[in-house]
Amino acid sequence: VQEAVLVRLASAPPEQVALLRKLAPAGRMLDLPLVRSLAGLPEAELFAVLDGIVERQFLQDVEGRYVFTHDTVHQTVYDSTPEMDRRGHHGLVARALQALPAGRAGLVRAVGWHYARSDAPAEAIQPLLEAGKAAIEAEALLEATLLLKEAAGLLESAPDFPGRLDQLIRTWVSLVEVGYSSDPPTSVAYAERLFAYWESTVDVASGRREAAQRLASARTATPEEREELLCPLFREVSAGERMLPVDVFWKRSELQILQAMSLAILGRTREMETLIASASAEHPEDSPYLAGLSIARATLSAYTGRWSGGVSEQRKQVTRLRDFRDAVGRPPRRLAWALGMGGYLLNVNLALRGEALDEDVLRDGLAVAEAHGFTDVRAYHLFAKVTRAAFTGDGAAFAPALAQKAELIRRLGSPRLMERNLALFTPPYYLERGEHELVAAVVARGEALARVLPQDRWLQAHVQVYQACRDVLFEDAAAARESLPRALEAARQGGLRMETLVHVYQARFERDQGRLPAALAAAQTALSRALDPVLANPWDEILARRALAPLVPQAEGDAHLRHALILAEATGNVLQMGLVYLQHAERHGTHEQVMLELEIAERAFGNAKATHLQSLASSLRGPLSRQLEELKRSA
1 VQEAVLVRLA SAPPEQVALL RKLAPAGRML DLPLVRSLAG LPEAELFAVL
51 DGIVERQFLQ DVEGRYVFTH DTVHQTVYDS TPEMDRRGHH GLVARALQAL
101 PAGRAGLVRA VGWHYARSDA PAEAIQPLLE AGKAAIEAEA LLEATLLLKE
151 AAGLLESAPD FPGRLDQLIR TWVSLVEVGY SSDPPTSVAY AERLFAYWES
201 TVDVASGRRE AAQRLASART ATPEEREELL CPLFREVSAG ERMLPVDVFW
251 KRSELQILQA MSLAILGRTR EMETLIASAS AEHPEDSPYL AGLSIARATL
301 SAYTGRWSGG VSEQRKQVTR LRDFRDAVGR PPRRLAWALG MGGYLLNVNL
351 ALRGEALDED VLRDGLAVAE AHGFTDVRAY HLFAKVTRAA FTGDGAAFAP
401 ALAQKAELIR RLGSPRLMER NLALFTPPYY LERGEHELVA AVVARGEALA
451 RVLPQDRWLQ AHVQVYQACR DVLFEDAAAA RESLPRALEA ARQGGLRMET
501 LVHVYQARFE RDQGRLPAAL AAAQTALSRA LDPVLANPWD EILARRALAP
551 LVPQAEGDAH LRHALILAEA TGNVLQMGLV YLQHAERHGT HEQVMLELEI
601 AERAFGNAKA THLQSLASSL RGPLSRQLEE LKRSA
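The opening residue of the sequence shown carries number 1 in our numbering; numbering runs sequentially from there.
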C-alpha cells in the first residue's frame, strides 16, 4: 500500500503534493479553517487543489472536513516528507492552532506537541507545562507524566528559556510526585536527578542542622508552645530556584518517601534500604518523614511475603503518622498522603494473607483522602478491599469493589501502578474459581503490562507464576512442563511470596500426570513455606493442605482438610470453605454425609457468587440424590 501511495504521489501535480505534505502533520482528520490556514492559498485556488487531491483519493470530503482516506495513506505522506520540511510544517500547524479560539479541549497540548516536533522546539515548553498542569488538575496522571517529561527534556536543552532553572526544579518535583502512581521508573529517575542537583548547588547539611535545632527547640517547649513551633516547622515547602537550605532539606525528605516507595515497587530493595539508612542518620527516630519512608518496607512484604513483624511494624508507623497529624492539625500534604498510604499498605498486607481488613484504618485512610482530595489514596484503599475479596474468593464483595476501582483508575487516566497492581493480585481470584476465560484474560493483561514495564521485576515474576498456574488449570501438559520450572525459578530468584502458589499448582499437575511422589514433594514444600515463621500465611496454608490431602493416608488427609476448613472459617474465606467441603465429599463417606457436604459446598459457592463451582456441586449432588431415593425405595 505504501509503495502504491508513493507512486501516486510521484505522479500528482506539485501543488497537490505540497499541500498534502503541509496537511499530514496536522493529523488524519482536518477541519476546513485549519486547512485554509495551513494552505496559505487564495480561496478559489485552494478548493481547486483540494478537488484534485480528492479526485486522486488522497483525501475525502466528509461533512465539511477533509479526511485522509486511510491511515497508511496519511502515514506514507508524512513519512515521505523530508525531515526539515516536516519540522517546518509542524511549526505551521502549531501557529495555526494558536490562532484558534482558546478553550478548545486539548488545544494547548496539541500546540505543545507540534512545536516539540518543529524547527522551534523551545516554543513547546510553555504549552506542554500548561497542558501538564491541566492534566494534574484533571487527575490524568499518566498523561501529566508524559507531558511533563517532554517539557523537562526540552527545558534541559534550552539554556535561554526565561526562568529556566526555577521551572526545571518545579517540573522535576512534579515528575517525582505524579510519576509514583503513573510510572514509578520516572519518579525514581527524576528524584535522582533533582537530589544530585541540590547536592551540588545547596549546602543541604547546614539545612539539616538548622531543621534539627528547630526540632530540638520544639521538643523542649511546653505543650502549648510545642504546637506553635511544630506548625511552622512542618509546613508546605514550595519548590524553586531560591530555596533556603533548610527548605531543601525538608522538601528532599518529603520526596524521598516517594523515591523509597518507587524503589520498593521496582524491586530495587538494596537501594531502598540504603535510602532508609541514610534518612535514619538525618532524622530522629520519631520523625514523621522517617515513618513515611519506612512504609516502603510494607510494599516489599506484599511481594516477598516476609510477614514476620511486618504488620506490627506497619501499625507502629501509621500510629506515628497519625499522632503527628493530631499534633499539628493539618500536616504537609505529602505526610498526610503517607498516612493514607501507610494505612492502605497495612490493610493490603492483611488482605494478601486472607485476613480481615482493619476497618478503623480503612475509615481513617478514606477520611484522609477526602480531607486532602487524594483520589489516588482513595483508589488504593479501595484496592485493599478488592484484594481482600480476591483472596477470599468473595464474588459478592469483589465485583462491586473492582467496578469502583476500575472507574477510579479510568478517572486517573489509567496510571500504570494501579493497573499493574490489579495484574499482580487479582489472578488468584479467577484461578481458584476455575473461570477459564477470565483467567486467560487477566493473565493476558499482565503479559501486556509486563511488555510495557520491563523494569518491573515483581510484575515479570508474577506474570510467569500466573502463566504456569493457567497452564495447569487448562490441563495443557506440554505448556505446564515448560512454564512450571520457569515460574519456580523466577519466584526463587525474586524472593516472591507466590512461590508457594507455584508449588501448589505443581502438586496438582504432578498428581494429574500420575507422578504421585513428585506431587507429594511439591505439596509438602508448599505447606512448609506456608508454616515458616517468616512466611506464614493462612491463605497459602489452606491451599497447601488441600493439595496435600489426596496425597497422604486417609486419616492424615482428613486432618489436613479439617485444619484448612478451620482456617477458611476463621478468615471468612467463603470460596475455600466450599472447596474444602467439595474435596471432602469426593473422598469418602456415606451417601447421606456426601449429600450434606455437597449441599454445604453448594451454599458456600452461592455465597461466593462462584456459579461454575456451584453448578459443579449441584451436578454431583443430583445423581447422588436419585441413588439415595432408589435405595430408600428398595429398602
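Glycine included, each C-beta is placed from N, C-alpha and C at the ideal position.
Note that the structure is a prediction, hence the values are computed from the model and not measured.
Residue from the options with nearest C-alpha to residue i
{"i": "P13", "options": "D51, E43, E3, R36", "result": "D51"}
{"i": "L45", "options": "P25, L19, Y66, R363", "result": "The sequence shown places Glu at residue 45, not Leu. Of the listed residues, the one whose Cα sits closest to E45 is L19."}
{"i": "E63", "options": "V77, L38, R36, M29", "result": "M29"}
{"i": "E137", "options": "R411, T590, I542, I600", "result": "R411"}
{"i": "A507", "options": "D471, A544, A487, A327", "result": "A544"}
{"i": "N607", "options": "A536, W250, S483, G395", "result": "G395"}
{"i": "S301", "options": "E432, A617, V348", "result": "V348"}
{"i": "S206", "options": "A216, P245, L175", "result": "P245"}
{"i": "V77", "options": "G305, W250, T426, R21", "result": "R21"}
{"i": "L275", "options": "S182, G88, V49, L293", "result": "L293"}
{"i": "G112", "options": "A468, L38, E130, L501", "result": "E130"}
{"i": "D79", "options": "V35, L34, Q60, L23", "result": "L23"}
{"i": "A110", "options": "A120, V93, A122, P121", "result": "V93"}
{"i": "E435", "options": "R470, E447, H462", "result": "R470"}
{"i": "P400", "options": "K609, T220, S181", "result": "K609"}
{"i": "E55", "options": "T72, R8, H90, L41", "result": "R8"}
{"i": "V443", "options": "A468, T611, R457", "result": "A468"}
{"i": "L362", "options": "L352, G343, H372, T375", "result": "G343"}
{"i": "A151", "options": "L141, T171, E139", "result": "T171"}
{"i": "V502", "options": "G132, Y466, D476", "result": "Y466"}
{"i": "G514", "options": "E482, A477, G373", "result": "A477"}
{"i": "V17", "options": "T222, F58, E139, G91", "result": "F58"}
Pairwise C-alpha distance: residue j and residue i
{"i": "E499", "j": "Q493", "result": "10 Å"}
{"i": "Y430", "j": "L438", "result": "6 Å"}
{"i": "E313", "j": "W539", "result": "21 Å"}
{"i": "F474", "j": "S118", "result": "52 Å"}
{"i": "A521", "j": "L551", "result": "10 Å"}
{"i": "L616", "j": "R433", "result": "11 Å"}
{"i": "E407", "j": "G340", "result": "20 Å"}
{"i": "A298", "j": "R270", "result": "15 Å"}
{"i": "D247", "j": "R95", "result": "40 Å"}
{"i": "A327", "j": "R87", "result": "57 Å"}
{"i": "R378", "j": "L100", "result": "38 Å"}
{"i": "S662", "j": "P185", "result": "An answer regarding residue 662 cannot be provided, because it is not within the stretch 1 to 635 covered by the chain."}
{"i": "F68", "j": "A48", "result": "17 Å"}
{"i": "H114", "j": "S37", "result": "15 Å"}
{"i": "V204", "j": "G572", "result": "51 Å"}
{"i": "G163", "j": "G495", "result": "47 Å"}
{"i": "P485", "j": "A403", "result": "35 Å"}
{"i": "V1", "j": "G27", "result": "19 Å"}
{"i": "R209", "j": "Y289", "result": "16 Å"}
Cβ-Cβ distance between residue i and residue j below 8 Å
{"i": "V188", "j": "S262", "result": "yes"}
{"i": "L357", "j": "L350", "result": "yes"}
{"i": "A216", "j": "R226", "result": "no"}
{"i": "L107", "j": "E177", "result": "no"}
{"i": "W337", "j": "N537", "result": "no"}
{"i": "L459", "j": "R497", "result": "no"}
{"i": "M272", "j": "A260", "result": "yes"}
{"i": "A211", "j": "F249", "result": "yes"}
{"i": "L335", "j": "L321", "result": "yes"}
{"i": "L128", "j": "A116", "result": "yes"}
{"i": "A518", "j": "A547", "result": "no"}
{"i": "E602", "j": "R587", "result": "no"}
{"i": "H584", "j": "L561", "result": "yes"}
{"i": "P331", "j": "F324", "result": "yes"}
Contact with chain B by residue i, beta-carbon distance below 8 Å
{"i": "E370", "result": "Given the protein chain composition of this structure (a single chain), no chain B is represented."}
Restricting to runs no shorter than 4 residues, where is the alpha helix (DSSP H) found entirely within the stretch 122-173?
For the stretch 122-173, the continuous alpha helix (DSSP H) assignments of 4+ residues that do not extend past its boundaries occur at 125-137, 141-156, in sequence order.
Mind listing, in chain order, the continuous alpha helix (DSSP H) runs of no fewer than 4 residues lying wholly within the stretch 555-611?
As far as the stretch 555-611 is concerned, its whole alpha helix (DSSP H) runs of at least 4 residues are 574-587, 591-607.
Report yes or no: do the stretch 153-160 and the stretch 198-213 share at least 3 C-beta pairs separated by less than 8 Å?
When Cβ pairs closer than 8 Å are counted between the two stretches, the stretch 153-160 is seen not to touch the stretch 198-213, the count staying below three.
Can you check the stretch 4-57 for any alpha helix (DSSP H) of at least 4 residues that lies completely inside it and give the ranges in chain order?
Here the runs fully enclosed are 14-23, 32-39, 43-55.
Is there contact between the stretch 386-394 and the stretch 227-242, where contact requires at least three CB pairs shorter than 8 Å?
Counting C-beta pairs closer than 8 Å gives fewer than three between the stretch 386-394 and the stretch 227-242, which falls short of the contact rule.
Do the stretch 437-457 and the stretch 408-420 make contact, defined as three or more Cβ pairs closer than 8 Å?
Judged by Cβ distances under 8 Å, the stretch 437-457 makes contact with the stretch 408-420, as three or more pairs qualify.
Count the CB pairs spanning the stretch 373-383 and the stretch 562-571 that are closer than 8 Å, and state whether there are at least three.
No, the stretch 373-383 is not in contact with the stretch 562-571.
When you compare the stretch 525-537 with the stretch 311-328, are there three or more beta-carbon pairs, one atom per stretch, that lie closer than 8 Å?
Result no; under three Cβ-Cβ pairs closer than 8 Å.
Does the stretch 167-182 come close enough to the stretch 215-235 to have 3 or more Cβ pairs within less than 8 Å?
No: fewer than three Cβ pairs fall under 8 Å.
Can you list the alpha helix (DSSP H) stretches of 4 or more residues lying completely in the stretch 297-346, in chain order?
Counting only runs of 4 or more, we get 310-328.
Runs of beta strand (DSSP E) lying entirely within the stretch 369-449, each at least 3 residues, in chain order
Correct list: empty.
Identify every run of the alpha helix (DSSP H) within the stretch 467-519, keeping only runs that are complete inside it and at least 4 residues long; order them along the chain.
Look at the stretch 467-519 and you find these whole runs of alpha helix (DSSP H), each 4 residues long or longer: 477-494, 499-512.
I'd like to know if the stretch 575-586 and the stretch 598-607 are in contact, where contact means that at least 3 CB-CB pairs between them fall below 8 Å.
By the Cβ test, the stretch 575-586 is in contact with the stretch 598-607, since at least three Cβ pairs between them sit closer than 8 Å.
Mind listing, in chain order, the continuous alpha helix (DSSP H) runs of no fewer than 4 residues lying wholly within the stretch 68-97?
Complete alpha helix (DSSP H) runs here, min 4: 71-79.
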